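S.K.: The following block contains the structure, expressed as structure tokens.
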């Protein structure tokens with residue numbers, strides 16, 4: 001029970017931190033690097049699967065990643081870009097906070113339901129895969145939209161500036 005409560009508190013903290021990070025990110029121009037790096041950093045969490053307690057069956061991997069991709073639709077719909085002063089910015093969305101906390105609530109309910117039938121380690125592994133599937137799908141959609149918008153700018157100014165910032 002302790003681990004369930006502790007992991008829920010950590011998830012709530014991370015969701016709150018994500019909202020603040022997203023608000024700050026909207027103040028600076030977006031770039032390819034800023035879109036691609038979060039999933040790469042998160043991918044290091046896959047080292048958890050080195051330990052047998054976190055390993056899951058392939059069908060569970062597919063289920064978790066599929067649900068993550070499905071849940072990412074909400075984030076994709078609220079992630080839009082706009083051009084300001086020749087740069088591309090992520091447009092802040094008021095719905096983002098509600099969607100993120102809604103997904104957190106859904107995650108907690110699913111964790112309680114699944115946790116009754118699956119061990120804590122496997123549940124942790126599945127929810128890591130769910131979150132990873134969600135962020136990768138969301139960021140791929142963001143990258144696609146960003147690149148489409150960058151193409152519409154004269155002489156690809158944004159791409160040149162974006163690459164020079166990296």
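Numbering (my numbering), first residue to last: 1 to 166. Every residue, glycine too, gets a C-beta built ideally from N, C-alpha and C. Since the model is a prediction, treat every value here as computed from it, not as a measurement.
Where residue 20 and residue 122 are concerned, what is the direct C-alpha to C-alpha distance, given to the nearest angstrom?
M.R.: Looking up residue 20 in the chain shown gives position 20. Looking up residue 122 in the chain shown gives position 122. Near 30 Å, if we compare the C-alpha coordinates of residue 122 and residue 20.
S.K.: Give the straight-line distance between the Cα atoms of residue 32 and residue 146, rounded to the nearest whole angstrom.
M.R.: Translated into positions along the chain shown, residue 32 becomes position 32. Translated into positions along the chain shown, residue 146 becomes position 146. Each residue's alpha carbon lies about 8 Å from the other.
S.K.: Going by beta-carbon coordinates alone, are residue 38 and residue 135 separated by less than 8 Å?
M.R.: If you number the chain shown from 1, residue 38 lands on position 38. If you number the chain shown from 1, residue 135 lands on position 135. Yes, they are a contact pair.
S.K.: Looking at the structure shown, is residue 158 part of a helix, part of a strand, or coil, going by DSSP?
M.R.: Here the question's residue 158 lines up with position 158 in the chain shown. Per-residue confidence for residue 158 stands at a pLDDT of 49, beneath the threshold of 50, marking its modelled position as unreliable; no derived number is given.
S.K.: Should the segment 42-49 be called in touch with the segment 103-113, which here means at least 3 C-beta pairs below 8 Å?
M.R.: no
S.K.: Using the C-alpha atoms, what's the distance from residue 96 back to residue 78?
M.R.: Start at 1 with the first residue of the chain shown, and residue 78 comes out as number 78. Start at 1 with the first residue of the chain shown, and residue 96 comes out as number 96. So the two alpha carbons sit approximately 6 Å from each other.
S.K.: Quick check on residue 127: buried or exposed, where buried means 16 or more other Cβ atoms within 10 Å of its Cβ?
M.R.: If you number the chain shown from 1, residue 127 lands on position 127. Residue 127 is buried by the Cβ-count criterion.
S.K.: For residue 62, name the three-state secondary structure that DSSP assigns.
M.R.: Here the question's residue 62 lines up with position 62 in the chain shown. Residue 62 falls in the helix class under three-state DSSP.
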